[in-house]
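Participant: Its first residue numbered 1156, the sequence shown is counted upward by one per residue in this note's numbering. Below is one structure. I have some questions about it.
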Amino acid sequence: MARPSGQFDDAGLSPDLAIGVFDSGVGGLTVLDECLAQLPAEDFIYFGDTAWFPYGDRSDLELRARAEDISGWLIGQGVKTIVIACNTATAAALTHLQTHLEIPVIGVMSSEAHAAVQTTRNRRVGLLATEATVRSGSYERMIHAHDAGVELVAVACPRLAPAIQAGDPFDDRIVEMVRDYTAPLRDADVDTVILGCTHYPLVERLLRRNLPNTRLIKSGEELARELRESLARKSLLRNTAAEGRYQFACSGDPDVFHTLGTRFLQMPLGTVEQVTIGA
Ligand code: DGL
């Protein structure tokens, strides 16, 4: 996408620039999907780090360095803000990117934590997330910043995102997996559950069946709302009736990303560019 020649503010940003979004794979498409619906005039560049998938069992150090490299590439494409559409990368790298980059960076997590605290009535909240996200304790801290009396029951689901990313989310193996991972939440009698990995809304129906009478909090909806508000306050929101464009890049096989992405986003992806970032 060519850098537009519109009005630029002191930070060199203009409403005409695109929004950069990244995730380890196709999970972030659940966030992009909401952003496309809530911000139809904006251009988006989505990067799926499929060669590095899964992020869930990587160290914070690795994830921070990787997030920095990806952000550098997105900034080179000309973006006005970066969205980390991945809970694992947000937990490991959001603060780092916000401290080191000159453009705004938004992550998932904080708005879901807030929404969960507002939603729960019995003040018992469940969390399903990757091992790295659970280990970081970030959700616990954010929830307790809003209400120290809310109990968080966190369940690490190391096999779930890889099974979804493998592309066959509706086989018996996944049904069994979802049943097992949700069992501690049913036992704990939580009334609200945060889907703390952007891949999980892709099996939302299975999750709902196993978590009856619970409200599910998803990253996409909350993030898109926060992004819209943040762009508006910074006067970076596009004020046009024209429909924005979107484009995709990934670090792994672009054909695999294209097939999976089309299935999950249910929209045409166009050409997926394969990009090598960092070492
Ligand atoms: N989609 C990513 C998240 O939200 C995780 C998947 C992975 O392990 O890479 O945490």
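Just so it is clear, CB atoms sit at the ideal spot from N, CA and C, and this is done for glycine as well. Computed from a prediction, not measured in an experiment: that's the story for all the values here.
1. Could you pull the DSSP bridge partners for Cys1190 from this structure?
2. Taking the beta carbon of Arg1400 as the centre, do at least 16 other beta carbons fall within 10 Å, making it buried, or is it exposed?
3. Spatial neighbours of Val1430 within its chain, please: C-beta separation below 8 Å, excluding the five flanking residues on both sides.
4. Mind reading off the beta-carbon distance from Glu1189 to Gly1375? Whole number of angstroms is fine, and I expect it under 8 Å.
5. Decide if the stretch 1357 to 1365 is in contact with the stretch 1210 to 1225; the criterion is three or more beta carbon pairs, one per stretch, under 8 Å apart.
6. So what does DSSP say about Ala1271, is it helix, strand or coil?
7. Return the chain-ordered ranges of every beta strand (DSSP E) run that is complete within the stretch 1354 to 1402 and spans a minimum of 3 residues.
8. Compute the Euclidean distance between the alpha carbons of Thr1395 and Pro1195, then round it to the nearest angstrom.
9. Closer than 6 Å: is that where the CB of Tyr1294 sits relative to any heavy atom of ligand 1?
10. So is the beta-carbon of Cys1405 under 6 Å away from any non-hydrogen atom of ligand 1?
11. Need the endpoints of the alpha helix (DSSP H) that Thr1431 sits in, please.
12. Report the three-state DSSP secondary structure of Arg1290 (helix, strand or coil).
13. Alpha carbon to alpha carbon, how far is Gly1304 from Arg1296?
14. Could you give the first and the last residue of the continuous beta strand (DSSP E) run that contains Ala1437?
15. Does the beta-carbon distance from Leu1282 to Leu1307 come in below 7 Å?
16. On the DSSP letters alone, give me the boundaries of the alpha helix (DSSP H) that Thr1417 sits inside.
17. Between Arg1364, Ala1206, Glu1377 and Ala1173, which has its C-alpha nearest Ile1331's C-alpha?
18. Quick check on His1255: buried or exposed, where buried means 16 or more other Cβ atoms within 10 Å of its Cβ?
19. Less than 8 Å between the CB atoms is what I'm expecting for Ala1287 and Asp1224, so what's the real figure, rounded?
20. Decide if the stretch 1261 to 1281 is in contact with the stretch 1407 to 1416; the criterion is three or more beta carbon pairs, one per stretch, under 8 Å apart.
21. Between Tyr1210 and ligand 1, is there a pair consisting of the residue's CB and a ligand heavy atom that are separated by less than 6 Å?
22. Quick one: what's got a C-beta closer than 8 Å to Phe1419's C-beta in the same chain, skipping five residues either side?
23. Sorry if obvious, but does the Cβ on Ser1266 come closer than 6 Å to a heavy atom of ligand 1?
24. Thr1426: buried (16+ other C-beta within 10 angstroms of its C-beta) or exposed?
25. Identify, in the order they occur along the chain, each residue of the same chain with its Cβ nearer than 6 Å to the Cβ of Thr1417, setting aside the five sequence neighbours on each side.
26. Check whether the stretch 1263 to 1272 touches the stretch 1336 to 1351, taking contact to mean three or more Cβ pairs, one atom from each stretch, closer than 8 Å.
27. For Asn1242, count neighbouring C-beta atoms within 10 Å of its own C-beta (all shown protein chains included) and say buried if the count is 16 or more, exposed if not.
Facilitator: Put simply:
1. Cys1190 is not bridged to any residue.
2. exposed
3. Phe1202, Trp1228, Ala1404, Cys1405 and Ser1406
4. 4 Å
5. no
6. helix
7. 1370 to 1373
8. 10 Å
9. no
10. no
11. Segment: none, Thr1431 is in no alpha helix (DSSP H) and carries neither H nor E.
12. helix
13. 12 Å
14. Not covered by the structure: residue 1437. The range shown for the chain is 1156 to 1434.
15. yes
16. Pro1409 to Leu1420
17. In the sequence under discussion, the amino acid at residue 1331 is Glu, which differs from the Ile named in the question. It is Arg1364 whose Cα lies nearest to the Cα of Glu1331.
18. exposed
19. Not quite, the Cβ-Cβ distance comes to about 18 Å (not below 8 Å), so this is no contact.
20. no
21. yes
22. Val1181, Leu1184, Thr1185 and Leu1357
23. no
24. exposed
25. Leu1424
26. yes
27. buried
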